[in-house]
Structures are given as C-alpha cells and as structure tokens.
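Residue numbering for the sequence shown is 5 to 695, as defined by our numbering.
Data block below; observations after.
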Amino acid sequence: MLVKEIVNPKSIIVVGGSNSLQKPGGKVLWNIRNGTFRGGLYVLNPKETEVQGLRSYQHIEDLPETDLAVLAIPARQCLETVKKLAEQKGVKGFIILSAGFAEEGEEGAKLEKEIAGIIEKTRGSLIGPNCIGVINPCYQAVFTTPVPKLDPLGCDFISGSGATAVFIMEAGIPRGLTFSSVYSVGNSAQTGIEEVLEYMDHNFNPETSSRIKLLYIEHIEKPGKLLEHASSLIRKGSRIAAIKAGTTEAGSRAASSHTGALASPDSAVDALFRKAGIVRCFSKAELATVASVFAYHYPRAVNFAIITHAGGPSIMLTDVLSEGGINVPPIENPKRYELLEKLYPGSSVANPIDFLATGNAEQLGYIIDYCDKYFHEIEGMIVIFGSPGLISVSDVYSVIDEKMRTCRKPIFPVLPSFINAKDEIQEFINRGRINFPEEVELGRALIKIYRTPPPAPEIIEVPDVEREKIRCIIDQAGDGFLEPDKVASMLDAIGITRVDEAIAGSPNEAKAFADRIGYPVVMKIIGVLHKSDVGGVVLNIQDDNHLSGEYQRLTSIQGVTGILIQPMLRGMELFAGLKYQKNFGSLIVCGLGGIFVEVMRDVQYGLAPLSGDEALTMIRNLKGYQILEGTRGQEPVSETLFAEILVKLSALAETAPEIKEMDINPLMGVGNRIIAVDTRIWIEKKAKEEE
C-alpha cells in the first residue's frame, strides 16, 4: 500500500542530485524543480555544495526531516543510505531509480530484499528499484521525457517497465491522450502494480479521480489482489486496459491431459482479465487507442454510422466492425431523403455516409445532426476526414469539435492527414480533443471494448456438492491418476451425469454387462495414459464374438490394468476440464469435442469460482457455438446444462485444489441430456503442500 509521503509529500530529498542534465540525478531534480512541486526540495551530494541553485548537503546527518527520498546513486550505496534516511530522518517514501538489483542476479536480489525490509520495518513505501520514477499532480520525479501536462481526468498509468512507460506515453500524447499520474514500479521490491491499484481503489473519488487506468505488466505476482481492486474500480465507474507481456511459456512440462496442453499461464491471464473486466491489449498503439476510446466515454453501442468524404477508409472500417460484431446498419429513416438534398449530387446516405471529396464543413454538420436527432438506428458516429493538402480543413475540424460538445451520441474523429493537416490536427488536439489517426485501429479497439464483459459478481454462489465425499476421495488418493471407480464417485459427488459403465475382469463379465445395457458397446483399456495411441479404444462392438476377440487383444497391450466397458452413445461431443495454475487458482476449460479441441483448439477459459453468467459467456464465445445451437437438422445441445457442468467443475476445483488437471472428453450431448463419457483426474498433493 502506498503511504501518503509517496503520493503527496511535503518535502523531497534527491540523493545524487547533479548539475548535469545528462545524469539521472540531474534530470530528475530538474523535472521536480520545473514541475508542480511546491514543498521543501533538498539535494544530497557529498561532491557538491550547490546543485541547480539549491544547497547540496554533504552528510545525511545535516538534512532536515523529509517525507520522500529519490535515490539516483549506485546500487551498492543504496542500502546504507536508505537505512540512515529511514531511521534518522523519518523518511517514509522512497523512489530508487538506480539499477543493479534483482534484474542483475542473486546478489542484487539480496540487496533489494534488505532495502525493502528496512522500509517495511519503518512502515514506509518503496517504488522501484530500477524504475524511471513517479509523475502525479504533486510532483514529477522522473529522469526521462516526456513529462506530460497533467489532467485530473487523464489516464492513471502504472507500468512495470520504465522504458515501456516512456514509449506508451510517446504513443498517446501526439494523439491528444492525457495523463493524471504515472507510476513506474520497476522491480517492485515492495510496491508493485497491484499495490498502486489498491491505493487508487481505496482512495477513489467519483468527483475528482480519473476513471481511466492503464497497466503495463510483465509479471503478475498477486493475481488475487489485481482481480479484487481492478474489478472494484470498474464497478465504481473506472475503465481499465492492460498489456501483459511475456505470453509464451518456454520449456513447459509435458501435459498429462488435453486440458493441461490447452491451458497455459497466459490462458490464466486472459481468464483473470475477463473476470475483472480488464480490456487486454497487445501493443503500445492498441493500448493508446483503447485509452483514447475510454476518454470519449464509449457506451456499449453496437450500431455506428461511418461518415466520410473518402470511400476506401470507410470500407476497411466497415469490414473490421462487421467482422467483430459491431453493426454499420443501413439508414432507412425517411429523413434520409431530406438530408440527401443538402449534399452534393452523387453523395450517399446509405451508411457509410459518403459526402464526396468536395464535401464541406456545413454539410458535415448536417449529417452529424441528422444522425444524432433523427436516425434512431444509429448509436454512435465515426467521422473520417483527411486532406489532400490543397486547402485548410480547420473549419471541418471546428465543426467536429462543436458537434462533439453538443451531440447526445458519441463521435469518434479519425483525422489521418498528420502531414497535410498537421497544423489543423494540432489545433484540434489543443482544444482538448483526441484524434484516432488510423480507422482500422479504432475499429479493433471498439471491438475489444465491446467484447470485454463487465466484472464478475463480487460474491459468486457456488452450487452444493458433496464436500465430505470429495474430501474423503482426495484424502485417500495418492498422487497421479485417480482410479476409474473413484472418478465415477467424484462425478456423482458434484452431480454430473455419467455414462453407465463397468470394469470387466473377464470376457464373461464384459458379455454380462453388454447383455444388460444392450449392444453396441465401447471398450477402453485402463492403466495407459494415451489409450488411442496404442489402439486401446474399440468403438461400436456389435456382438459377443466381436467383444471376446477385442477383449483378448486389449488385455495383451503392455501396461493394461483393466478393461472398461460402456454403452455406445451417439450425440454431439463436448469437452470440459480444469487445470490448476499456480498463484491463479483453477482454470475451467470448455469447448466442442473431436476436431474442435484436437486440431482447432476452439476452447474458452474461466477462472474459478465461476458464475453461471461467466460459464454461458464462455460457451457463447466458442467459434463453434452455432453447432451447439443445432445446424442442418442436428439436434441442439442445452447450453444451460453445459454451463451448469462448468459451474460444478468450478465448485469441485474450490473444494479440491489438489486436482491439478481434469478432462471430461467427451461429454456427450444427447437431446436434453449431457453425459460424461470419459473422465480423467490427475492429483498432486505434494505440489499443494509446497505452495
């Protein structure tokens, strides 16, 4: 948690302050002096008596008591300096710009830990080390540029990387994006992105706080804290977009199940962001564009008018929006004929609305007014207007600015002529507006925001399961795959319908079971992990002779410990499972079975505990969802029942975190029933004990 001395210090000491603006200690001091800070500002530099017009203290003992210390000295000097400042001068806030800590190896990590321990002991806060610093309304303690002009309603930006923070600001500022604060947390020795977000959540003021939060994350150390405070802020009216870098997992172990192979740490990040309501981005430009949309208070509208004087960009934008589920509906209101009379011959009001290259500011004003007042099928507008460089377009941009102030419906300006209309665009931005220089980029950002669900409920009702029975099975089991009879008991305990089955110890036992349930039947080997790879699954066994022959063959396969026999079911194959992901908890996975999971990897993920609405959203986001609904005469499968199964798996995961992987593959959708046909459960108790 951030202390007030970090956020709003009354006094600051720059340790290592320099007269050279090419050094971090010089540049950070210069930025503080020339920024908004109005408190006591001191310098500690044993080699200087005056630095940038300020007295330079040679000894810590001579310093007055200070709230915040900014260190720009070699890493090896930081420990003793922090100790003296914290214990002798009452410093509670520390920003360590210096590198040479955990990012460089074991010794640096040890030093970093000792420094954090001292600051913890005195109930202070540390930003860094290895960071660019902090920018907020009180002070600007960074050694980099740009230092953006601060806007209370601009973006709060928290970054795990200082250089990336600079690059993202550079991507946003030329568009007109503004910032309220920037926190570069570096190595996060004590205070990470989660703690800064926690402070913003606890101190959120609906009247004065920024409602836009941007995150650049390299490591999620505390996913539970991130989920709690991100979702809380979004419920309070904030919007959050984030980049999570490092999406691949090199050297991962061989998975013991389909779920294990499909669900990765990055899948957990996706699930966490969805559960919190965070819009996930994958580039600096994408983050800046999403933030710019947030700044225009984008509603969850799905019907847009595209207004342009150039056909090409509007066609590209229409394609992107339509593919992403956002509509560019035809305008059928009779008022369209009245509008058409106000435009030059050859113009179109079909949507996109094209008022030709010769169209002027007055005509654009008419179009926007008609979309706002009369065309009720339209919920928002995108105006694309550039310049060939022949005449000034400042009058057009003035109309856009005016209409953005007066219209009820949102307007997004795409002004692509950053060379031909450079001065006019800058004038537009100087009015407090944000420009979207690329229409497809804007379209993709709108889709990302539209597709990001609101946060999951704070309290999720978990369905009743037979907890004692589940715990008894887990407590008696060893590490590894659970035996088939225990798997069956587990499914019964959580209320998932399973296929009738028996373990046959002889051909006669197999025949007796087949006679009871009726042919055709399926036989599967027990004791071998990948049954299909060794010919250990036989489908559509029609009679006793076929059964006896296959029984003899299957029992001869090396490693077989038993034969499982089941009725041959026909229906739609589904897939469900769970995987425990360290720190995050259990991921619930769903998909369509067969080729959809094997080859196309058409799966969705959710983080336990899972609500019913979350489960339904997962199912509806499957690419093959229309197949589930029933196509070409095929009987549909109940998405409600499928969702209930996912929620039950979520309850199982909460009850038995020792389950590291679980597959139900396939789940067979048969009319209004969904039946578990083949289930595997992998248990790791040792891993649980080590956490």
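All C-beta atoms in this analysis are idealised placements derived from N, C-alpha and C, irrespective of residue type, glycine included.
Being a predicted model, the structure only gives us computed values, none of them experimental.
Helix, strand or coil at F171 [DSSP, three-state]: Taking the first residue of the sequence shown as position 1, residue 171 is located at position 167. Three-state result, F171: helix.
Alpha-carbon spacing of G250 relative to A103, whole angstroms: Here residue 250 is taken as the residue at index 246 of the sequence shown, counted from 1. Here residue 103 is taken as the residue at index 99 of the sequence shown, counted from 1. The straight-line gap from Cα to Cα measures roughly 21 Å.
V19 versus P356: straight-line alpha-carbon distance, rounded: Here the question's residue 19 lines up with position 15 in the sequence shown. Here the question's residue 356 lines up with position 352 in the sequence shown. Rounded to whole angstroms, V19 to P356 spans 59 Å at the Cα level.
Closest residue to H301 among G158, V200, E342 (Cα-Cα distance): Numbered from 1 along the sequence shown, position 297 holds the residue referred to as residue 301. Comparing Cα positions, the closest option is G158.
For R502, the residue or residues it bridges with in DSSP: Translated into the one-based positions of the sequence shown, residue 502 becomes position 498. DSSP lists A680 as partners of R502.
Distance CB(I2)-CB(V138) smaller than 7 Å: Outside the shown range of the chain, which is 5 to 695, sits residue 2, and nothing can be said about it.
Beta-carbon proximity list for V151, same chain, < 8 Å, skipping 5 on both sides: Taking the sequence shown and counting its residues from 1, one reaches residue 151 at position 147. Excluding residues within five positions, the ones whose Cβ falls inside 8 Å are N35, G39, I139, Q144.
Three-state secondary structure assigned by DSSP to L89: In the sequence shown, the residue the question calls residue 89 occupies position 85. Note: L89 maps to helix in three-state DSSP.
Inter-residue spacing [alpha-carbon to alpha-carbon] between S402 and L276: For the purposes of this step, residue 402 is taken as residue 398 along the sequence shown, with counting starting at 1. For the purposes of this step, residue 276 is taken as residue 272 along the sequence shown, with counting starting at 1. So the alpha carbons of these two residues sit roughly 42 Å apart.
Strand pairing of T312, partner residues [DSSP]: In the sequence shown, the residue the question calls residue 312 occupies position 308. DSSP output for T312 lists D358, I388 as bridge partner(s).
Close Cβ partners of R257 (< 7 Å) along its chain, the five nearest in sequence each way excluded: Translated into positions along the sequence shown, residue 257 becomes position 253. Confidence at R257 is low in this model, with a pLDDT of 40, below 50, so its placement is unreliable and no value can be given for it.
Neighbourhood of L89 by C-beta, 7 Å cutoff - its chain only, sequence neighbours within 5 removed: Here residue 89 refers to the residue found at position 85 when the sequence shown is read from its first residue. Hits under 7 Å: I64, A73, V95.
Bridge partners - S163, DSSP secondary structure assignment: As a working mapping, residue 163 is identified with position 159 in the sequence shown. Looking at the DSSP assignment, S163 forms a beta bridge with S188, Y220.
Spatially closest choice to I477 from I463, A492, S396, D358, by CA coordinates: As a position in the sequence shown, residue 477 is number 473, starting the count at 1. Taking only the C-alpha atoms, the option nearest I477 is A492.
Endpoints, alpha helix (DSSP H) assigned at S296: Here the question's residue 296 lines up with position 292 in the sequence shown. That run of the alpha helix (DSSP H) goes 288-299.
Length-filtered (4 minimum) alpha helix (DSSP H) runs lying within the segment 402-478: 426-434, 443-455
Span of the beta strand (DSSP E), counted from its first residue to its last, around E108: Taking the sequence shown and counting its residues from 1, one reaches residue 108 at position 104. Run containing E108: none; DSSP gives neither H nor E here.
Simplified DSSP state of N512, which is helix, strand or coil: Position 508 of the sequence shown, counting from 1, holds the residue named residue 512. Of the three classes helix, strand and coil, the one that applies to N512 here is helix, per DSSP.
Beta-ladder partner(s) of Q570, from DSSP: To locate residue 570, count along the sequence shown from 1; it is residue 566. DSSP lists V526 as partners of Q570.
Contacts around L543, its chain only, beta-carbon distance under 7 Å, and the 5 residues preceding and following it disregarded: The count along the sequence shown starts at 1 and reaches residue 543 at position 539. Hits under 7 Å: V526, M572.
Minimum length 3: unbroken beta strand (DSSP E) runs contained in the segment 5-81: 15-19, 44-48, 58-61, 72-75
Host beta strand (DSSP E) of V607 (start-end): Position 603 of the sequence shown, counted from the start, is the residue given in the question as residue 607. Where V607 is concerned, the enclosing beta strand (DSSP E) stretches over 607-611.
C-beta contact flag for V294 and V306 at 7 Å: As a working mapping, residue 294 is identified with position 290 in the sequence shown. As a working mapping, residue 306 is identified with position 302 in the sequence shown. Cβ atoms of V294 and V306: not closer than 7 Å.
First through last residue of the alpha helix (DSSP H) which encompasses A145: Numbered from 1 along the sequence shown, position 141 holds the residue referred to as residue 145. Careful: A145 lies outside any alpha helix (DSSP H), inside the beta strand (DSSP E) at 144-146.
Residue closest to L671, alpha-carbon to alpha-carbon, out of L495, E345, I310, E443: In the sequence shown, counting from the first residue as 1, residue 671 sits at position 667. It is L495.
Rounded separation between A613 and K279 - CA only: The residue labelled residue 613 in the question sits at position 609 within the sequence shown. The residue labelled residue 279 in the question sits at position 275 within the sequence shown. First, the residue type needs correcting, since residue 613 is Pro and not Ala in the sequence shown. The straight-line gap from Cα to Cα measures roughly 10 Å.
Per-residue DSSP class, three states only, for A249: Counting from one through the sequence shown, the residue named residue 249 turns up at place 245. Looking at A249 - three-state DSSP - the assignment turns out to be coil, as it is neither helix nor strand.
Length-filtered (4 minimum) alpha helix (DSSP H) runs lying within the segment 639-663: 643-659
Euclidean distance between Cα positions of Y348 and E443: In the sequence shown, counting from the first residue as 1, residue 348 sits at position 344. In the sequence shown, counting from the first residue as 1, residue 443 sits at position 439. If I take the Cα positions, the gap works out to 25 Å.
From L626, I592, V400, residue whose alpha carbon lies closest to that of P661: Within the sequence shown, the letter at position 657 stands for residue 661. Closest option to P661, Cα to Cα, is I592.
Pairwise C-alpha distance: R37 and M385: As a position in the sequence shown, residue 385 is number 381, starting the count at 1. As a position in the sequence shown, residue 37 is number 33, starting the count at 1. So the two alpha carbons sit approximately 44 Å from each other.
Residues sharing a beta bridge with K583, DSSP: Residue mapping note: residue 583 aligns to position 579 of the sequence shown, counting from 1. Paired residues: L591, E665.
Residue from P178, D66, V32 whose Cα sits closest to the Cα of Q430: Residue 430 sits at position 426 when you count from the first residue of the sequence shown. Selected option, being the one with the closest Cα: P178.
Option in I453, I131, R340, S398 with minimal Cα separation from A76: Position 72 of the sequence shown holds residue 76. When only C-alpha atoms are compared, the closest one is I131.
Contacting residues, own chain, Cβ-Cβ under 6 Å from C375 (five flanking each side not counted): As a working mapping, residue 375 is identified with position 371 in the sequence shown. For C375, where only same-chain residues beyond five positions count, the Cβ hits under 6 Å are A309, I382, M385.
Buried versus exposed, by CB contacts within 10 Å (16 or more), I221: Translated into the one-based positions of the sequence shown, residue 221 becomes position 217. I221 should be labelled buried.
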